[in-house]
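Residue 108 in our numbering sits at position 108 of the sequence shown; the count goes up by one each step and never skips.
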Amino acid sequence: VQLQASGGGLVQAGGSLRLSCTASGNIFRLNTMRWYRQAPGKQRDLVASITGGDRADYADSVKGRFTISGDNAKSTVFLQMNSLEPEDTAVYYCNSLNPYTKYEWWGQGTQVTVSS
């Protein structure tokens, strides 16, 4: 499985970005797809996850602002980020977790920078 993330960039506070993560292989429905982020000097934190293509969960810090969704046909998971805040600045990573083997795959990070 390979994960290819894209969509990061520089945006002003209050703006929006949409991240995409495309997975090779037919794993989207089976695996839990997750977005993590890591700010400089901080640990990598879970932001959002989606299982079975429709069961979503979010970190408290992004609830109501971020939406995770998936396109099964394209094996792609999205993270729509609205009302961005400077505190959202981080490298965002896509992750895929097999719920049976507990093996996980990571994509390369994509930088999100929110200016005040």
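Ideal placement from N, C-alpha and C gives every residue a C-beta, glycine not left out. Only a predicted model underlies this, so the values are computations on that prediction, with no experimental measurement involved.
Where does residue i land, buried or exposed, given buried means 16+ other C-beta within 10 angstroms?
{"i": "Arg-55", "result": "exposed"}
{"i": "Ser-61", "result": "exposed"}
{"i": "Tyr-103", "result": "exposed"}
{"i": "Asn-31", "result": "buried"}
{"i": "Ala-123", "result": "The requested residue 123 does not occur in the structure, where the chain is confined to residues 1 to 116."}
List the endpoints of the continuous beta strand (DSSP E) containing residue i.
{"i": "Glu-104", "result": "104 to 106"}
{"i": "Asp-71", "result": "66 to 71"}
{"i": "Gly-9", "result": "9 to 12"}
{"i": "Leu-19", "result": "17 to 23"}
{"i": "Ala-39", "result": "Here Ala-39 belongs to no beta strand (DSSP E), and DSSP marks it neither H nor E."}
{"i": "Arg-55", "result": "55 to 58"}
Given a cut-off of 8 angstroms on the beta-carbon distance, is the pair residue i and residue j in contact?
{"i": "Ser-24", "j": "Val-47", "result": "no"}
{"i": "Ser-133", "j": "Asn-95", "result": "Nothing in the structure corresponds to residue 133, since the chain is present only between 1 and 116."}
> Between the segment 63 to 72 and the segment 5 to 13, are three or more C-beta pairs nearer than 8 angstroms?
Replying inline: The segment 63 to 72 vs the segment 5 to 13: no contact.
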